[in-house]
Structures are given as structure tokens and as C-alpha cells.
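Single-structure report; data block below.
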Ligand code: ADP
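Printed below as a string of C-alpha cells:
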């Protein structure tokens, strides 16, 4: 069984992430989206909320599993019997960081390979952080995220403004 892991913060999932999954889903028997709990990044959505949004927006693909993940990525890959990491690539900045990470992961676990998928030209400028910032200031982000995410961003904004 060919299993790949797509790790990331997904805070929240955007159309750019969904597009990467739509294009890689036919290449694997199963893709596990691993929602990373990054202690250094201030998150808007809890890991559980992010998992629920990813499940809702990728259910149509049929071979996507979503889990929260903490710890070393290569240990997680071993546990899941996966040897492929999927990452999206938007810019030279992504390239520098991603190539470095892929080399570290290969040193840690030589059988692991990272595949990089170029972002669709429509989504190159789309980032979770940009979406959050615009949405929190009242901007319309509906062209950048799935409908479920627009709905949950509105709900967060209402919760925050009620405080
Ligand atoms: P991380 O904190 O690990 O960068 P993100 O959720 O920001 O988590 O991104 C997860 C992966 O998705 C990364 O490989 C990132 O480059 C990719 N990605 C993010 N936004 C887009 C996009 N708009 N198009 C394609 N890939 C993207």
C-alpha cells in the first residue's frame, strides 16, 4: 500500500492545500494529513477544529485520513508505514526552507523521500496566515478558502468580538 503523509499547520486549510491534495490523491492509496501542533506558532483554530475542517473539505477525495501529530515527523512516518512526505511549493522562500527540511528528514530516515508539488498559479499568494489576517480585519476571503472555512472564520470572528 502506497501511503504518503502531508504534514502542516493547516490553520486553517486553504484552497491551496485542497488543490495539492486533489492533485496528489490519485497517486497514492492513502494520504494522511498530519496536523502539526507547532508550539512556536500562535494558532487561531485548535488542532481538533483544524482536523474537522480538513475532513469536511477533503471528504470528496475518498482516500484522505486526518490526524493530529506531535513529535518527530520521521517517527510518525515509520509508525504509519509511509515513506513519502508531500509538501507544497510556492516561492523561493518555501524552496530554501523545504529543501533544508527534506535533507534533514533524509539524514534521519534514508528511505524517506519528500515530493514537492508546485502551487497552482491561482493559489501561489494564498497562505493560512494571510487568510487569517484578512478575515480578522473583515476582508472577504471566500476565493481563497473552502466554504466551510469561511463559515468557521466568521464564527471565530464573532466569538472574539463578543469577548
Ligand atoms: P507549515 O507550518 O508546515 O508550513 P502550512 O499549513 O502553512 O504548514 O503548509 C503546509 C504545506 O502546504 C507546506 O508544504 C506549504 O508549503 C504548503 N502550502 C501552503 N499554502 C499553499 C498554497 N497556497 N499552495 C500550495 N501549497 C501550499
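In this note's numbering, the protein residues as written are -13 to 149. Cβ atoms here follow ideal geometry from the backbone N, Cα and C, with glycine treated the same way.
Could you tell me the distance, in whole angstroms, from the CA atom of residue i to the CA atom of residue j?
i: residue -10; j: residue 131; result: 23 Å
i: residue 52; j: residue 75; result: 21 Å
i: residue 135; j: residue -13; result: 31 Å
i: residue 22; j: residue 91; result: 16 Å
i: residue 121; j: residue 103; result: 27 Å
i: residue 85; j: residue 128; result: 31 Å
i: residue 34; j: residue 138; result: 13 Å
i: residue 65; j: residue 16; result: 15 Å
i: residue 112; j: residue 119; result: 12 Å
i: residue 117; j: residue 8; result: 20 Å
Assign residue i to one of two classes, buried (16 or more other C-beta atoms within 10 Å of its C-beta) or exposed (fewer than that).
i: residue 46; result: exposed
i: residue 12; result: exposed
i: residue 56; result: exposed
i: residue 18; result: buried
i: residue 133; result: exposed
i: residue 48; result: exposed
i: residue 94; result: exposed
i: residue 83; result: exposed
i: residue 101; result: exposed
i: residue 0; result: buried
Closer than 6 Å to a non-hydrogen atom of the ligand ADP - does that hold for the CB of residue i?
i: residue 15; result: no
i: residue 57; result: no
i: residue 9; result: no
i: residue 105; result: yes
i: residue 48; result: no
i: residue 116; result: no
i: residue 62; result: no
i: residue 21; result: no
i: residue 18; result: no
i: residue 26; result: no
i: residue 88; result: no
i: residue -9; result: no
i: residue 129; result: no
Nearest to residue i by CA position, among the options, is which residue?
i: residue 60; options: 97, 44 and 42; result: 97
i: residue 27; options: 138, 124, 121 and 114; result: 114
i: residue 54; options: 143, -5 and 145; result: -5
i: residue 106; options: -3, 6 and -8; result: 6
i: residue 4; options: 32, 44 and 37; result: 44
With a threshold of 6 Å (Cβ to nearest heavy atom), would residue i be considered close to the ligand NAD?
i: residue 36; result: The model on display carries the ligand ADP but not the ligand NAD.
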